[in-house]
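Okay, so here's the structure we're looking at.
Numbering (my numbering), first residue to last: 306 to 920.
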């Protein structure tokens, strides 16, 4: 969450809720997510047809009790026919039980369809995130991605089939059946009961645009809250150390206050205005039907049973109207979810396909070339500019420079996480834009600056993403990464759980596990980004020696902040402000007295003044 967002956690949402009422009908929902839903509904047409049949049957059965009640009053009671009374009462009870069974079956089939739609949306959303360009993903906070893949997808699925479309059809059928029955029993009363329905529906529907804007702001508000919680909980160590708990509590209370206000506004619109419009109309119409119907009974134009049957049908008809108005509010909610999902589906995808070069069994490693490469990050001044240098097959090249000089960006360009704005990155003489990315990444070992570990065992983390690995190869990668002594001290060895994000082990141990993971792939190109930064001097030196010994058939590129880390390299590239400042062997560059020499001298002086040896 950006600093400005944290500082204005409450105020930002107040602005979001500044609503201007608009008029006019809302357009139909047409989007990528809606297309996916319609396609999934098409695949499940048999279940949808069964659901429609259950709806029709349920609508027909729903009016039976009212009609039987009218017959009981008009025919059974005047004649004191107890057998007919029992039959009609039994019919009313049977109709109620049958309606319960039909409703249960309908809910089950609707739920099956709804979960199928949600699953399809989540599957496509996850595929979209995992195949989107890395630069696109960097623009969206992780918390928002999680919110959209989980909650937004679920809400859309529920609305389309479990919470709106199919229930709307069911309520419309019940309303139609009740209306026809009222007209057949007593058409004057039926007309009176039905005349208020259009006005009620139009009144509720006119609030749709306002509801959409409220729900859009509500969704943004929830995303901000989720981002805040995940940041605070993940950074609890920093919160405690800097005694910032009171500040975070204050921010959270401000969000809760804003949550209360926003929720109250949304509830008033959805429940009191939209939903209760139907209840108010029902009460008024029932009173009018009773009054007019009583007059008709007094003049012998209508039987008492006909009046009772009509009055019993009015609540059923207006309950359907009320539910339809509530579903109109849900439609406004789901429109905001569609907007969030369409932003996700609109992310640019990584390219697919490309060449898969043939590799000789005697291959010495990958050859790498940066040819006048330029790439800019979104933040001003960050990136690399007109970078050109080559790495020969089997060569060990170190890249050094101050923080923010573009060292890590070069590695990201090599593995295809970013696409150059100009120039070309070549591996074995082939532009990486022409190479199949899956093929490329399977042949590269990459240890990032901040290793990512999964909440599982050490062995599973090293094997990732493979499930079946030769145990001998696994043990060798553990030794090469200088991890064997650490594993030997653990009671459960390689089956030890590392915890969430590797929180149960030290930073140095996390880095060594990441190195072992990279070495297990037997890569032609091994790239280490500050891989020894969290290691002690002895372990860092042992790891460098092990990497040097295992260089056969492998090209090694090491990014380091400290010069001593790459003094054993064949060549060193010195970066500064995104550009190559100098390049050559360590001895040549130190003798020249240029940037590398100055950088090393400053680090040696800094280490000496602090009393710690330079790594």
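Where is the CB? At the ideal position from N, CA and C, for every residue including glycine.
**OP:** Please say whether residue 887 and residue 900 have beta carbons closer to each other than 8 Å?
**Re:** In the chain shown, the residue the question calls residue 900 occupies position 595. In the chain shown, the residue the question calls residue 887 occupies position 582. It is a contact, given that the beta carbons lie within the stated cut-off.
**OP:** Please state whether DSSP places residue 605 in a helix, a strand or coil.
**Re:** Counted from its first residue, the chain shown places residue 605 at position 300. It is coil, neither helix nor strand.
Original post:
With distances taken from CA atoms, which of 834, 809, 805 is nearest residue 819?
Top reply: As a first step, residue 819 is located in the chain shown; it is residue number 514 there, counting from the start. Of the candidates 834, 809, 805, the one whose C-alpha sits nearest the C-alpha of residue 819 is 834.
Original post:
To the nearest angstrom, how far is it from the Cα of residue 413 to the Cα of residue 359?
Top reply: Here residue 413 refers to the residue found at position 108 of the chain shown. Here residue 359 refers to the residue found at position 54 of the chain shown. Roughly 11 Å between the two C-alpha positions.
**OP:** Report, in whole angstroms, the separation of the C-beta atoms of residue 848 and residue 764, which I expect to be a contact under 8 Å.
**Re:** Translated into the one-based positions of the chain shown, residue 848 becomes position 543. Translated into the one-based positions of the chain shown, residue 764 becomes position 459. No, residue 848 and residue 764 are not in contact; Cβ-Cβ is about 20 Å, not under 8 Å.
**OP:** Report all residues from its chain with a CB closer than 7 Å to the CB of residue 425; omit the five preceding and five following residues, and keep chain order.
**Re:** As a position in the chain shown, residue 425 is number 120, starting the count at 1. Taken in chain order, the residues that qualify are 341, 345.
Subject >> Rounded straight-line distance, which links the Cα of residue 704 to that of residue 420 >> reply: By one-based count along the chain shown, residue 420 stands at place 115. By one-based count along the chain shown, residue 704 stands at place 399. Looking at the two C-alpha atoms, the distance is approximately 51 Å.
Original post:
Rounded to a whole number of angstroms, what is the C-alpha to C-alpha distance between residue 440 and residue 722?
Top reply: Here residue 440 refers to the residue found at position 135 when the chain shown is read from its first residue. Here residue 722 refers to the residue found at position 417 when the chain shown is read from its first residue. Straight-line Cα distance between these residues: approximately 8 Å.
Original post:
According to the Cβ coordinates, are residue 692 and residue 719 closer than 8 Å?
Top reply: As a first step, residue 692 is located in the chain shown; it is residue number 387 there, counting from the start. As a first step, residue 719 is located in the chain shown; it is residue number 414 there, counting from the start. Cβ atoms of residue 692 and residue 719: not closer than 8 Å.
**OP:** State the DSSP-derived secondary structure class of residue 751, mapped to helix, strand or coil.
**Re:** Locating residue 751 in the chain shown gives position 446, counting from the first residue. In the structure shown, residue 751 sits in a strand (DSSP, three-state: E or B).
Original post:
Quick one: Cα of residue 318 to Cα of residue 522, how far?
Top reply: Along the chain shown, read from residue 1 onward, the residue named residue 318 stands at position 13. Along the chain shown, read from residue 1 onward, the residue named residue 522 stands at position 217. Here the model assigns residue 318 a pLDDT of 38, short of 50, so the residue's position is not dependable and the matter cannot be decided.
Original post:
Once you ignore the five residues that flank residue 712 on each side, which residues in its own chain have a CB closer than 6 Å to its CB?
Top reply: Position 407 of the chain shown, counted from the first residue, corresponds to residue 712. The residues are 704, 706, 864, 880.
Original post:
Should the region 614-621 be called in touch with the region 453-466, which here means at least 3 C-beta pairs below 8 Å?
Top reply: no
Subject >> Buried or exposed (CB count within 10 angstroms, at least 16 for buried), residue 906 >> reply: One-based indexing of the chain shown puts residue 906 at position 601. Classification of residue 906: exposed, given that the 10 Å Cβ count is below 16.
**OP:** Kindly confirm or deny that the region 529-538 and the region 558-573 touch, where touching means at least three C-beta pairs closer than 8 Å.
**Re:** yes
**OP:** Tell me whether the beta-carbon of residue 454 lies closer than 8 Å to the beta-carbon of residue 422.
**Re:** As a working note, residue 454 is residue 149 in the chain shown. As a working note, residue 422 is residue 117 in the chain shown. Going by C-beta atoms, residue 454 is not nearer than 8 Å to residue 422.
Original post:
Using the beta-carbon count (16 or more within 10 Å), is residue 333 buried or exposed?
Top reply: Counting from one through the chain shown, the residue named residue 333 turns up at place 28. Below a pLDDT of 50, predicted positions are generally treated as unreliable, and residue 333, at 42, falls in that range; the measurement from the model is reported next regardless. Residue 333 comes out exposed.
**OP:** In angstroms with no decimal places, state the Cα-to-Cα distance between residue 768 and residue 351.
**Re:** Indexing the chain shown from 1 puts residue 768 at position 463. Indexing the chain shown from 1 puts residue 351 at position 46. Straight-line Cα distance between these residues: approximately 44 Å.
Original post:
Under 8 Å between the Cβ atoms of residue 658 and residue 859?
Top reply: Indexing the chain shown from 1 puts residue 658 at position 353. Indexing the chain shown from 1 puts residue 859 at position 554. No; because the gap between Cβ atoms is not below 8 Å, this pair is not in contact.
Subject >> For residue 886, the first and last residue of its enclosing beta strand (DSSP E) >> reply: Within the chain shown, residue 886 is the residue found at index 581, counting from 1. Segment 884-889, the beta strand (DSSP E) holding residue 886.
Original post:
Which residues in the same chain have their Cβ closer than 6 Å to the Cβ of residue 396, if we skip the five residues on either side of it in sequence?
Top reply: Start at 1 with the first residue of the chain shown, and residue 396 comes out as number 91. Excluding sequence neighbours, residue 396 sits near 373.
Original post:
Would you say residue 967 and residue 744 are within 8 Å of each other, going by their C-beta atoms?
Top reply: Not covered by the structure: residue 967. The range shown for the chain is 306 to 920.
**OP:** Can you grab the Cα-Cα spacing for the pair residue 773 / residue 782, in whole Å?
**Re:** As a working mapping, residue 773 is identified with position 468 in the chain shown. As a working mapping, residue 782 is identified with position 477 in the chain shown. In a straight line, the C-alpha of residue 773 is about 15 Å away from that of residue 782.
**OP:** For the beta strand (DSSP E) holding residue 834, just list the boundary residues, first then last.
**Re:** Reading the chain shown from its first residue, position 529 is the one you call residue 834. That run of the beta strand (DSSP E) goes 830-834.
**OP:** Return helix, strand or coil for residue 943, following the three-state DSSP convention.
**Re:** The structure shown does not extend to residue 943, since the chain is modelled only from 306 to 920, so the question has no answer here.
Subject >> Any 3 or more C-beta pairs closer than 8 Å across the region 623-632 and the region 584-600 >> reply: Flag = yes, the region 623-632 and the region 584-600 touch.
**OP:** Give every residue of the same chain whose Cβ lies closer than 8 Å to the Cβ of residue 829, excluding the five residues on either side of it in the sequence, and list them in chain order.
**Re:** Here residue 829 corresponds to residue number 524 of the chain shown, with the count starting at 1. 664, 668, 670, 671, 748, 749, 858, 859, 860, listed in sequence order.
Original post:
Can the beta-carbon of residue 877 be found closer than 8 Å to that of residue 832?
Top reply: The residue you call residue 877 lines up with position 572 of the chain shown. The residue you call residue 832 lines up with position 527 of the chain shown. Against a cut-off of 8 Å, the Cβ pair of residue 832 and residue 877 comes out as no contact.
Subject >> DSSP bridge partner residues for residue 681 (one or two, in chain order) >> reply: Here the question's residue 681 lines up with position 376 in the chain shown. Answer by DSSP bridge pairing, in chain order: 688.
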